[in-house]
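Residues 1 to 420 in our numbering are what the sequence shown spells out, letter by letter.
Ideal Cβ placement from N, Cα and C applies to all residues, glycine included.
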Amino acid sequence: MKTLAIIGLQWGDEGKGKIIDHLAGEFDITVRFQGGGNAGHTVVAEGKKHVLHHIPSGILHAGKTALIADGTVLDAEALFTEIADLESAGVSTGGRIRIGWGVHMVMPYHKALDAASEDGAGEKIGTTRRGIGPCYADRKARLGIRLKDLFDRDSLARRVEKSLAEKNCLFKNLYGRPEFGAGDIIGMCRTWADRLGDMGVDTPSYLRAAISSGRSVLFEGAQGSLLDTDWGTYPFVTSSTTSASAVASGCGISMKLVGRIMGVAKAYTTRVGEGPFPTEDKGAVGEHLRRRGGEFGATTGRPRRCGWLDAVATRYAVDLNGADSLVVTKLDVLTGVDPIKICISYGPSGGMGADPRIPRRVVPEYVTFPGWKEDISSARSVSDLPGTCRSYLDSIERLVGAPIGLISVGPDRRQVFEKD
Ligand code: GDP
Ligand code: IMO
Ligand code: MG
């Protein structure tokens with residue numbers, strides 16, 4: 001059995017898409033299992049930049065299947081745009097995208113609710129405004145519309161009307177925003193059904209059959225472990241389980257089918273949106289990382305908050321996921337930063353192992369490392385790296401508590417190599 005899950009260990013944008021693309025050539029099927037169009041996975045291949053929101057990054061490899069599994073939420077219009085963008089970039093997607101029948105559809109009213117809630121009074125989350133929270137809320141409230149529901153006209157109408165009755169009450173009385181007409185929504189659902197029907201698949205049986213016949217499967221995590229609804233920095237989280245346990249629940253397969261787990265972390269930390277970020281640097285270092293690392297959201301274009309690697313939070317994520325190994329990305333961005341720091345404790349009130357979900361008033365304690373000045377973007381093995389850079393990597397392994405498998409030194413598909 002060859003299955004591997006790639007999971008973000010920080011607050012998202014760790015470079016998962018780039019790593020998936022690097023590995024996907026060796027796998028038959030790549031699967032997204034949670035999240036939705038809030039994800040922005042960037043791949044730079046053969047001089048072209050692709051940003052994927054719903055479609056698994058394995059799509060860029062000819063002949064490979066990309067499965068959007070049931071644990072995700074799907075914005076059909078955004079998917080159609082994504083497909084059109086790939087096709088116009090010369091990537092043929094025909095017959096290679098499959099969608100689980102149980103995927104929940106992101107409706108226009110979900111996006112409107114997301115925006116209204118963000119613009120309303122009270123604490124903001126800084127969401128991507130892609131309707132993710134309201135769609136997952138409907139899923140749990142049993143008010144959601146699944147892909148399979150688009151094909152049953154009577155029940156679709158009943159379900160949309162029931163769901164809209166509540167939403168329109170909120171739009172009218174709480175938010176003062178336009179209401180949605182059930183007829184318009186149902187008409188839209190029918191056009192989606194026409195285009196999506198051929199892509200539908202029963203995810204659990206499809207994957208079980210694939211794995212038992214020897215096909216290999218790569219599971220593509222979205223967001224990051226610290227954005228997990230239950231185990232992240234709640235309430236500043238996304239609305240899905242982002243850790244490895246979501247592979248099984250999002251695909252309807254046994255967790256015994258999830259072979260290895262690789263956790264991806266940047267050589268520093270970023271976060272987009274509100275919420276705690278103990279190692280954030282609002283000064284020159286943060287600015288350097290943002291500029292050199294191009295740290296602007298792939299989905300919303302927002303500047304990402306930047307700071308030092310947080311070994312407390314990253315170790316917590318390694319433990320949460322049971323990560324077998326680490327992928328360290330964007331090491332090249334640290335060139336010229338001297339000294340480099342890693343947070344090893346949240347201060348007197350919480351040592352190593354403290355719960356990073358509550359670090360609102362922590363005093364991070366750092367260890368300091370000498371930096372390097374050399375351009376490392378053409379390194380293709382550890383022996384090409386300066387000594388100080390190698391020591392930094394060794395310290396990451398020790399402080400985060402997992403061996404490094406892969407090291408990434410640039411956005412391009414070729415700028416990655418194994419540690420040993
Ligand atoms: P994801 O959401 O985890 O897939 O990450 P994003 O695509 O949102 O953000 C990562 C950004 O860093 C993208 O623009 C990538 O092209 C870029 N990137 C990935 N790995 C590296 C790397 O090792 N070095 C540099 N300089 N850029 C990288
Ligand atoms: P990828 O897959 C970084 C963040 C948002 C916000 C919070 C909730 O590219 O790593 P949501 O729209 O999900 O309700 O927003 O989660 N967020 C991400 N941050 N990378 C992502 O995905 C993210 N997806 C959501 O910025 O703070
Ligand atoms: Mg991203």
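Of the other Cβ atoms in all chains shown, fewer than 16 fall within 10 Å of the Cβ of Glu418; this residue is therefore exposed.
The region 13-23 makes no contact with the region 248-257, as fewer than three CB pairs between them are under 8 Å. Counting only runs of at least 4 residues, the region 177-239 fully encloses the following alpha helix (DSSP H) elements, listed from N- to C-terminal order: 182-196, 203-212. Arg159 counts as buried, since no fewer than 16 other beta carbons sit within 10 angstroms of its beta carbon. Remark: C-beta atoms of Ile19 and Val363 do not approach each other more closely than 8 Å.
Taking 8 Å as the cut-off, the Cβ atoms of Ser216 and Ser243 do not count as close. Taking non-hydrogen atoms of the ligand GDP into account, the C-beta of Ala39 is found less than 7 Å away from one of them. Taking non-hydrogen atoms of the ligand GDP into account, the C-beta of Gln10 is found less than 7 Å away from none of them. Pairing Asp70 with Thr203 gives a Cβ-Cβ distance under 8 Å. In the DSSP annotation of this structure, the continuous segment of the alpha helix (DSSP H) that includes His22 starts and ends at 16-24. Shortest Cα-Cα distance from Thr72 to any of Val31, Leu4, Ala157 involves Val31. When the Cα atoms are used, Val382 and Thr329 turn out to be separated by approximately 14 Å. Partner residues in a beta bridge of Tyr268, as assigned by DSSP, do not exist.
Taking 8 Å as the upper bound for CB-CB distance, Met255 and Ser325 are not in contact here, some 18 Å apart.
It is roughly 50 Å from the alpha-carbon of Ser155 to the alpha-carbon of Gly410.
Classified as buried, Ala246 has 16 or more neighbouring CB atoms from the shown chains inside 10 Å of its CB.
Under the three-state reduction of DSSP output, Lys49 falls in the strand class.
Proximity to Ala5 across Leu52, Pro56, Ala379 peaks at Pro56, based on C-alpha coordinates. Contact between Phe277 and Arg305 holds, since their C-beta atoms are separated by about 6 Å, short of 8 Å. With fewer than 16 other Cβ atoms from the protein chains shown falling within 10 Å of its own Cβ, Ala141 counts as exposed. Under the three-state reduction of DSSP, Ser155 is assigned to helix.
Between Leu147 and Cys189, the C-beta gap is not smaller than 8 Å, which leaves the two residues out of contact.
In this structure, Leu207 lies away from Leu170, with their beta-carbon atoms at least 8 Å apart. Met262 is bridged by DSSP to Ile6, Ser325. In this structure, Lys162 and Leu174 do not form a Cβ contact; the two beta carbons are roughly 19 Å apart against a cut-off of 8 Å. Thr81 and Arg413 have their C-alpha atoms spaced approximately 24 Å apart.
According to DSSP, residue pairing for Ala66 in a beta bridge involves Thr30, Ile97. One Cα belongs to Gly58, the other to Ala66, and the distance between them is close to 6 Å. Closest option to Gly197, judged by alpha-carbon separation, among Asp152, Leu385, Ser377, Gly214: Asp152. Counting C-beta atoms within 10 angstroms of its own C-beta, Pro134 has 16 or more neighbours from the protein chains shown and is therefore classed as buried. The region 373-382 makes contact with the region 397-410: 3 or more CB pairs, one atom from each, lie closer than 8 Å. Here Asp194 is exposed, its C-beta having fewer than 16 other C-beta atoms within 10 Å. In the three-state reduction of the DSSP assignment, Tyr346 falls in the coil class, being assigned neither a helical nor a strand state. In this model, Gly401 and Ser212 are separated by some 33 Å (Cα to Cα). Nearest to Ser395 by C-alpha distance, out of Gly322, Asp319, Asp310, is Asp310.
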